[in-house]
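**Student:** Please find one structure pasted underneath; my questions will follow.
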Amino acid sequence: MKTFLVTNDDGIFAPGLLAFVDVLQHFGKVYVIAPDKERSAISQSITLRQPIEAKESNVFGRNVQAWSINGTPTDAIKLGCDVLIHSPIDVVFSGMNLGANVGRDLFYSGTVSGAREAISYDIPAVAVSYDEYDVETVDFQRATKRMYEWLSLFLEDVVASRHLWNVNIPASDDEQYRGMRWATIDLNIQRYRHMVSKGPHQRTIYWLTDYRQDVQSLDEQSDLYLLNAHFLTTSTWHPLRLHYEVEAKQQWLEKMEHHALIKRGGY
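Here the sequence shown stands for residues 0 to 266, where the numbers follow numbering that gives the first Met the number 0.
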């Protein structure tokens with residue numbers, strides 16, 4: 000049986016997390032470590048100057064061992080891998096987030112960052128987000144159906160990959176839904192912009208605003224474009240490949256330094 004560690008950035012009581020854990024239990028043993036409150040857009044922050052407390056929780060029933068922490072999604076994964084989980088972890092999941100994480104969201108999202116932290120432990124990870132934003136009306140049953148299909152198709156590939164997978168589920172009904180697509184990551188800089196306004200005492204203030212609905216992706220293979228077109232999107236990347244082609248680049252550098260010395264006459 001596979002072992003999964005799950006976190007999120009919406010908090011341990013988020014309905015998306017509860018729905019996702021229900022799905023994952025069909026595929027393996029589930030542990031949950033999640034923030035005790037919402038930590039959206041916190042990126043890969045960690046807690047350094049105060050202690051972290053992990054409180055056991057029975058939110059998910061007796062078959063799921065769970066903890067809430069006064070920390071971030073990244074803290075949750077570090078605690079799980081370093082201290083709390085004593086079994087080998089096959090996959091880390093983060094989500095199911097209320098709201099999509101496409102394009103530049105990957106740099107800011109607590110959901111994606113929780114998954115990204117797992118890669119530093121050489122554990123494959125999946126960030127899962129649902130393109131729905133109203134917690135009062137959201138239908139997670141539709142999303143869990145799509146995610147069950149995705150896991151049935153991709154789980155073995157995830158386990159073997161050692162990559163970060165980013166999955167976004169459209170808020171489409173069965174008639175609108177068009178299936179699954181691999182996607183590139185849309186990096187349109189126009190997505191997030193500051194709106195200038197006036198605060199108390201006529202002070203100038205700035206609101207960072209998401210203009211996703213106004214930005215048209217020109218890349219028909221991008222996550223933003225395909226999600227808007229009612230596809231479930233999957234993107235993969237490896238955030239720790241920091242030394243790409245380092246040997247070839249070092250050879251180039253040595254060659255350039257040699258030419259520079261000759262040109263400068265050795266000085």
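Think of the CB as a built atom: it goes at the ideal place given N, C-alpha and C, for glycine as much as any other residue.
Under the DSSP definition of a beta bridge, which residues are partnered with Leu97?
**Tutor:** Tyr129
**Student:** Which residue wins for smallest C-alpha separation from Ser171, given the options Asp130, Ile32, Met95 and Phe106?
**Tutor:** Asp130
**Student:** Given a threshold of 16 other Cβ atoms within 10 Å of its Cβ, counted over all protein chains shown, does Ile204 qualify as buried or as exposed?
**Tutor:** Label assigned to Ile204: exposed.
**Student:** Quick one: using the 10 Å Cβ neighbour count with 16 as the cut-off for buried, is Asp222 buried or exposed?
**Tutor:** Classification for Asp222: buried.
**Student:** Go ahead and label Ser93 buried or exposed: buried means 16 or more other beta carbons lie within 10 angstroms of its beta carbon, across all protein chains shown.
**Tutor:** buried
**Student:** Could you give the residue range of the alpha helix (DSSP H) that holds Thr233?
**Tutor:** For Thr233, there is no enclosing alpha helix (DSSP H); the enclosing beta strand (DSSP E) covers residues Leu231 to Trp236.
**Student:** Identify the residues that DSSP records as bridge partners of Glu55: which are they?
**Tutor:** Answer by DSSP bridge pairing, in chain order: Trp66.
**Student:** Would Arg115 and Pro238 qualify as a contact pair, given that the criterion is a beta-carbon distance under 8 Å?
**Tutor:** yes
**Student:** For Val90, which three-state DSSP category applies?
**Tutor:** strand
**Student:** Would you kindly work out how many angstroms separate the C-alpha atoms of Gln175 and Leu226, rounded to a whole number?
**Tutor:** 12 Å
**Student:** Mind checking whether Ile32 and Ala99 have CB atoms under 8 Å apart?
**Tutor:** no
**Student:** Kindly confirm or deny that the stretch 111 to 125 and the stretch 151 to 161 touch, where touching means at least three C-beta pairs closer than 8 Å.
**Tutor:** yes
**Student:** In chain order, which continuous runs of the beta strand (DSSP E) of length 3 or greater are located wholly inside the stretch 186 to 214?
**Tutor:** 191 to 197 and 203 to 209
**Student:** With the cut-off set at 8 Å, would you say Ala40 and Tyr147 are in Cβ contact?
**Tutor:** Contact flag unset, no.
**Student:** Count the CB pairs spanning the stretch 188 to 195 and the stretch 131 to 140 that are closer than 8 Å, and state whether there are at least three.
**Tutor:** No, the stretch 188 to 195 is not in contact with the stretch 131 to 140.
**Student:** Report yes if the C-beta distance between Thr183 and Ser234 is below 8 Å; otherwise report no.
**Tutor:** Yes; because the gap between Cβ atoms is below 8 Å, this pair is in contact.
**Student:** By how many angstroms is the C-alpha of Lys197 removed from the C-alpha of Ser119?
**Tutor:** Annotation: Ser119 to Lys197 spans about 43 Å, alpha carbon to alpha carbon.
**Student:** With DSSP run on the structure shown, which of helix, strand or coil describes Phe139?
**Tutor:** helix
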